[in-house]
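**Q**
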Amino acid sequence: MKSVKSLALVLTLITAFGCNQGAKEGSSEKASEEKSTLEKEKDMNVLFVLTSHDKLGDTGKKTGFWIEEFASPYYSLLDQGVKITVATPKGGAAPIDPSSDGPDAATEDTERFNKDTEAQHIIANTKVLADMNPDDFDAVFYPGGHGPLWDLVNDANSIALIEKFNTQEKPIAFVCHAPAILRDVKNKEGKSLVKGKKVTGFSNSEEEAVGLTEVVPLLLEDMLKEHGAVYSSGDDWAPYVIQDENLITGQNPASSKLVAEKLYENLK
350 MKSVKSLALV LTLITAFGCN QGAKEGSSEK ASEEKSTLEK EKDMNVLFVL TSHDKLGDTG
410 KKTGFWIEEF ASPYYSLLDQ GVKITVATPK GGAAPIDPSS DGPDAATEDT ERFNKDTEAQ
470 HIIANTKVLA DMNPDDFDAV FYPGGHGPLW DLVNDANSIA LIEKFNTQEK PIAFVCHAPA
530 ILRDVKNKEG KSLVKGKKVT GFSNSEEEAV GLTEVVPLLL EDMLKEHGAV YSSGDDWAPY
590 VIQDENLITG QNPASSKLVA EKLYENLK
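Numbers given in the working numbering equal positions in the sequence shown, counted from 1, plus 349.
#1: Cα-Cα, which of A529, T562, V543 and P483 is closest to N493?
#2: In or out: T400 buried (at least 16 other Cβ within 10 Å) or exposed?
#3: Tell me whether K546 is buried or exposed, calling it buried when 16 or more other Cβ atoms sit within 10 Å of its Cβ.
#4: Considering Cα atoms alone, identify which of V559, A473 and K574 is closest to S448.
#5: Spatial neighbours of S425 within its chain, please: C-beta separation below 6 Å, excluding the five flanking residues on both sides.
#6: Whose CA, out of P588, T562 and L569, lies closest to the CA of A527?
#7: Is it right to say Q429 is buried, meaning 16 or more other beta carbons lie within 10 angstroms of its own, or is it exposed?
#8: In the DSSP assignment, the alpha helix (DSSP H) including F397 goes from what residue to what residue?
#9: Less than 9 Å separating the beta-carbons of P602 and E457?
#10: Could you tell me which whole beta strand (DSSP E) segments of length 3 or greater appear in the region 418 to 490?
#11: Mapping the DSSP letters down to three states, classify A609 as helix, strand or coil.
#12: Just the Cα atoms here: how many angstroms apart are V564 and K574?
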């Protein structure tokens, strides 16, 4: 009888141990699943910086940002669940270059933008760049257009913001004319950020093709080379993108989507 009681006690202990282990394993698996879910649900935050400048030199014509260079990366990232904030030096409405908003420049993404009242509202009500904190974002992206050559190139807030993102080793991305914004940006050692970096941007031949060589305040290709960048370009108007560490640059409007894709790959 005593042996039967002992056997029963052993079986009870074994059963209790097994249940406890099962509970622990179940709890561990649940915690792992919850952690995985949280990681998937974690927002990726990207800051888009647009120009506030709308005058094309002394021509009497309007300029601004190139709509395709905003729309293509915007939807490419938005459709991946990325949270996007848009800022400009002055805040409020960001000027769209009229040349980029006509039938000749239309793309699937610009047509989507023209039907997207929410995106249009964002462009009409951009945040003030000086109020943006790099710590709140995982990356920064600058669309081009000729406007940035007059304001963002010289904007102290923009320069400081890019330098902070770079110090934090976060992706910094630019397309078309936007790499000109790097002119006065310094690296961690206080030297030109583009010195020795492989970069691209709107080429001299592309600027000549649009007839603005004598209008723009600087030629992007020349400026980058003068600051020690290892500049290269592809065929005029063809997609061409270069990444050097956390710096991503695209040559022209056709390169916008590829820049966004590289940016997203660096965010994952």
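Beta carbons are placed, not taken as given, at the ideal position from N, Cα and C, and that holds for glycine.
Nothing here was measured: the structure is a model prediction, and the numbers come from that model.
**A** From the atom records:
#1: Taking the first residue of the sequence shown as position 1, residue 493 is located at position 144. Going by the sequence as given, residue 493 is Gly instead of Asn. Checked all of A529, T562, V543 and P483; the closest Cα to G493 is A529.
#2: Along the sequence shown, read from residue 1 onward, the residue named residue 400 stands at position 51. Its Cβ being crowded by 16 or more others within 10 Å, T400 is buried.
#3: Stepping through the sequence shown from its first residue, residue 546 is reached at position 197. It counts as buried.
#4: In the sequence shown, the residue the question calls residue 448 occupies position 99. Considering only V559, A473 and K574, the residue with the shortest C-alpha distance to S448 is V559.
#5: Against the sequence shown, residue 425 aligns to sequence position 76. Counting only Cβ-Cβ distances below 6 Å, and skipping sequence neighbours, we find K606 and A609.
#6: On the sequence shown, position 178 is the one that residue 527 refers to. Closest by alpha carbon: L569.
#7: If you number the sequence shown from 1, residue 429 lands on position 80. Answer is exposed; the Cβ neighbour count stays below 16.
#8: Locating residue 397 in the sequence shown gives position 48, where the first residue counts as 1. Segment N394 to V398 is the beta strand (DSSP E) holding F397; no alpha helix (DSSP H) there.
#9: Counting from one through the sequence shown, the residue named residue 602 turns up at place 253. Counting from one through the sequence shown, the residue named residue 457 turns up at place 108. Cβ distance not < 9 Å, so P602 and E457 don't count as in contact.
#10: 432 to 437
#11: Counting from 1 along the sequence shown, the entry for residue 609 is found at position 260. Looking at A609 - three-state DSSP - the assignment turns out to be helix.
#12: By one-based count along the sequence shown, residue 564 stands at place 215. By one-based count along the sequence shown, residue 574 stands at place 225. The alpha-carbon atoms of V564 and K574 are separated by roughly 20 Å.
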